[in-house]
Each structure stands twice: as C-alpha cells, then as structure tokens.
Amino acid sequence: MKIKALNGFKDIMPDDVLLWRQVEESARIVLERFHFAEIRVPVLEKTELFSRSIGADTDIVEKEMYTFVDKQITMRPEATASLMRAYIEHNMHGRKPVQRLFTIGPMFRHERPQKGRLRQFHQLDVEVLGSASPRLDAELMSLGDCLFSELGVSTSLEINSLGCPDCRPEYRRVLLAFIEERLDQLCEDCRRRSQRNPLRVLDCKKQGCRIQVQDAPSVIDYLCENCSIHFTEVRRNLDLLEVDYTVNKFMVRGLDYYVRTTFEFVTDQLGAQSAVCAGGRYDGLIEMLGGPKVPGIGFAMGIERLVLLLKRLEDHGDQSAGIDVFIAGLGEEAADYSFKLMHGLRGIGLRVDMDLDTRSLKSQMKQADRSGAGYTVIVGSQELDNQQVVLRNMKTGEQTDVNVDAITDFFNETYGL
Ligand SMILES: [Zn+2]
Ligand SMILES: [Zn+2]
0 MKIKALNGFK DIMPDDVLLW RQVEESARIV LERFHFAEIR VPVLEKTELF SRSIGADTDI
60 VEKEMYTFVD KQITMRPEAT ASLMRAYIEH NMHGRKPVQR LFTIGPMFRH ERPQKGRLRQ
120 FHQLDVEVLG SASPRLDAEL MSLGDCLFSE LGVSTSLEIN SLGCPDCRPE YRRVLLAFIE
180 ERLDQLCEDC RRRSQRNPLR VLDCKKQGCR IQVQDAPSVI DYLCENCSIH FTEVRRNLDL
240 LEVDYTVNKF MVRGLDYYVR TTFEFVTDQL GAQSAVCAGG RYDGLIEMLG GPKVPGIGFA
300 MGIERLVLLL KRLEDHGDQS AGIDVFIAGL GEEAADYSFK LMHGLRGIGL RVDMDLDTRS
360 LKSQMKQADR SGAGYTVIVG SQELDNQQVV LRNMKTGEQT DVNVDAITDF FNETYGL
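Numbering-wise (numbering that gives the first Met the number 0), the sequence shown opens with residue 0 and increments by one.
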C-alpha cells in the first residue's frame, strides 16, 4: 500500500519552489530595506503560550491546534506568540529600544482543508516592538504595500481603529445591546461568544451573521481622544507616504490586547475578495505574557496565497531550475572526460549536468533541451583524440569545434565569471 501525505499537508514541488523563493527573497530584500532582522523560532511551544496570547475562546485555540495533550505542548498555529516569547526570554527590550523582527516558516492548524487552506501553511510574520508612534503603523503598511508592488500583486489596504482599554468598554456596551436584539438570528458560535466578546460577532464569516451586523455601531464613533488622535495621525502619515487605503469599520480583532490600528491587504485576484495580509497593534500583549510594558504592532502574510497570485499573474511554464551547460558524451572514455569537465565547470560557478548513464546521443540531446541549458558540450571519443569537443549554442543551434583546453576559458568569458 502506498503511503500518502496527510490531508491538508502538501509537498512543495520543484516547479513551485522557485516561486516560493521569489516570494521569500523579495520579502527579505524589502524587509532589509526597512531595517528588519530575521529571527527563527521553534515550531513547538508550550500550549499555554497560545491559549494565553491568542485567547481561549477563539476558533484557533478551541478547535484548530495540534496539541500533544499529555505533554501540554502545541505546534505553533501562528508566529506572533513565539516571537513575543523569544523577545521576553532574551531580554530583547534591554538591547534596543525598538526591535524590528521578522520570521518566515510553517504554521499548523487543524482546519477543514478547503481550497487554499492547508493544515500546514506558511507565513511571513513581521513585528515591531517598542514604539507606539502612529508613524510606525503607517510605515508597516507602506512596507506591505512595497512588498506587494515588488511582487507585482495588486491589493487594496483596509484600516480600522479598535480603540483602547479606556474607550472600548463603552463601545462594547453599545455593540452588545445591538447584538442582543438580534441574538436569535446569529450562529451558535456568535451566540455563545457574544457575552464575553461581542466584537467577535462583527468578525464572523457566516453570511447570516454578516447581514445581521451590517448596521452595527462603528467603533470609530466611540474612540477616546487619544485613540482618535492616533488614528488621525496614522491616516495623515499614510497620506504623506501616498499609500491608498479605505476605512473598514467591520474589521476587528476580538482580543483585548489588540488596540487601535488594525489593517488588512485584500485582493480580488483569487476569486472572491480575500485578505492576503492582516495586522494590527497589540500594545498589551507583551505585558500579558509576563514581559515589560512595551507596545507592539505586526502583521502576517500567507506565503501560499502569494505564490498562487504569482502563478496567476504569469504563465510560468516549466519552472524547474535551468542550468548553464549540459554535457553530452559518447562512449566510456568520453564519459570520464565529461564527468571531470562537469566537476571543473561547477567549480568555477556554473550550473552543469550530464547523463551519468550515458544513454544514446539522441536521448542526451533531448535532456539537454529540457534542462534549459544555454550550451551543450558534445564529447565524442574521436573528437577527444583530436583534443576537440563540439560546443552547441542551444538558442541558435550553432555548433563549433573547440579545443578542450579552451572550454573553461570560453565559459568564464561567456558567463562573466
Ligand atoms: Zn481609547
Ligand atoms: Zn456568527
């Protein structure tokens, strides 16, 4: 019996890996421009880290975590909590007043695997700790904007403010009153959670609930003076950087430590409009996890979705890694020479391949074609006796005889090594 990969777990095949690298490398280039440093954190953490930071009454913690119950450890369902844990554990606030960190890696959630929803998925996670400046909020959004334009993906930015512990209680009361009037129209999850966290009802993805909350009061109308100034400043700074956005009053994060700015980049290039990046301010989180009172803001971007978008954008054709030179040999003597030549050319930095099983010349030329090589070196024993090999330019089809001693020099020159 053949063993297959688990449901929701996917191999990233060589054809796709190039797109993955394009996404990851673009991200690293843009992030370095913005003075971010990469951090790598483990995929396993104590369960408590996630239940405390993500919230015990969320879908993630209630239903979706891969937890080893007997050991009380969990595969990370997101990266923010792990980064906060590392930040606190390594006293990073003592080293620099503002830490700008990012990480890229797999996350694990036991969701129903739908189209594009995997149980092992990958995220770019970006966090800045140590500044409450509204400029930083705008800077992070401009970073997202830069990254999407670097990749050639068109998105639109939606922003909202969630207020703070000073002004949210009043908004909660008003929202709860609004929700209680419609309680029997809401889904079971919303009914259960509305008392503890009415904001989450605004966030419910079910169509029935969405219709019910269409006319719900907006948090923006209940912001305290400080939050109001902060939000105005975020928008002013976005205008300053000429980053386009719209205000979406339904965009919430239903957890207490999320404050003020929240934002999403959405796109309609994947069918229905969907978020490809979500972020926000979480000024109370680090303190709640036992760290210092330090403000923070961050966002996460789904790599799978970006790869999918890039695939849609271009007809990439065969994406397998091309090589510079293919060596086709005839006979054993030629094979020895070819094998050595391959090693030598790789040594000067070229990507080289040959047929180790010395199939027919016809087969080898076919492999050369498929390899995407710019040149094929054809080595025959007769030619070798004359110290000659044939050099075929795969684009033009032009063939020339070249002295064996001149081969390395030729490639050195051609590829500017
Ligand atoms: Zn406030
Ligand atoms: Zn609902």
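For each residue, glycine too, the CB sits at the ideal point set by N, CA and C.
Return yes when the Cβ of residue j is within less than 8 Å of the Cβ of residue i, no when it is not.
| i | j | result |
| --- | --- | --- |
| residue 35 | residue 135 | no |
| residue 401 | residue 383 | no |
| residue 322 | residue 341 | no |
| residue 230 | residue 160 | yes |
| residue 102 | residue 200 | no |
| residue 198 | residue 18 | no |
| residue 257 | residue 279 | yes |
| residue 166 | residue 86 | no |
| residue 157 | residue 244 | yes |
| residue 141 | residue 240 | yes |
| residue 122 | residue 287 | no |
| residue 208 | residue 189 | yes |
| residue 285 | residue 128 | yes |
May I have the straight-line CA-CA distance separating residue i from residue j, to the nearest angstrom?
| i | j | result |
| --- | --- | --- |
| residue 437 | residue 273 | Outside the shown range of the chain, which is 0 to 416, sits residue 437, and nothing can be said about it. |
| residue 46 | residue 66 | 7 Å |
| residue 91 | residue 294 | 13 Å |
| residue 13 | residue 150 | 20 Å |
| residue 393 | residue 324 | 10 Å |
| residue 2 | residue 226 | 55 Å |
| residue 26 | residue 263 | 17 Å |
| residue 33 | residue 75 | 26 Å |
| residue 337 | residue 409 | 16 Å |
| residue 297 | residue 415 | 42 Å |
| residue 11 | residue 356 | 28 Å |
| residue 95 | residue 281 | 19 Å |
| residue 411 | residue 366 | 24 Å |
| residue 318 | residue 204 | Annotation note: pLDDT 47 at residue 318 (below 50); position unreliable, no value reported. |
| residue 53 | residue 191 | 18 Å |
| residue 93 | residue 290 | 11 Å |
| residue 83 | residue 107 | 18 Å |
| residue 51 | residue 267 | 34 Å |
| residue 234 | residue 8 | 40 Å |
Mind checking whether the beta-carbon of residue i lies closer than 7 Å to any heavy atom of ligand 2?
| i | result |
| --- | --- |
| residue 185 | yes |
| residue 62 | no |
| residue 188 | yes |
| residue 145 | no |
Report yes if the C-beta of residue i is less than 7 Å from at least one heavy atom of ligand 1; otherwise report no.
| i | result |
| --- | --- |
| residue 159 | no |
*For the region 184–233, list the alpha helix (DSSP H) runs that are entirely contained and at least 4 residues long, ordered along the chain.*
187–193, 198–202, 206–211
*Starting from the N-terminal side, write out each stretch of the alpha helix (DSSP H) that is 4 residues or longer and does not extend beyond the region 333–370.*
Listed in chain order, the complete alpha helix (DSSP H) runs (minimum 4 residues) inside the region 333–370 are 360–370.
*Report all residues for which the CB-ligand distance to some heavy atom of ligand 1 is below 5 Å; order them along the chain.*
Going along the chain, the residues that qualify are 162, 163, 165, 166, 223, 226.
*asked:* List, from N- to C-terminal side, the alpha helix (DSSP H) runs of 4 residues or more that fit wholly inside the region 18–105.
replied: 46–53, 79–88, 91–94
_Completely contained beta strand (DSSP E) runs for the region 109–157, where each covers 3 or more residues_ = 119–128
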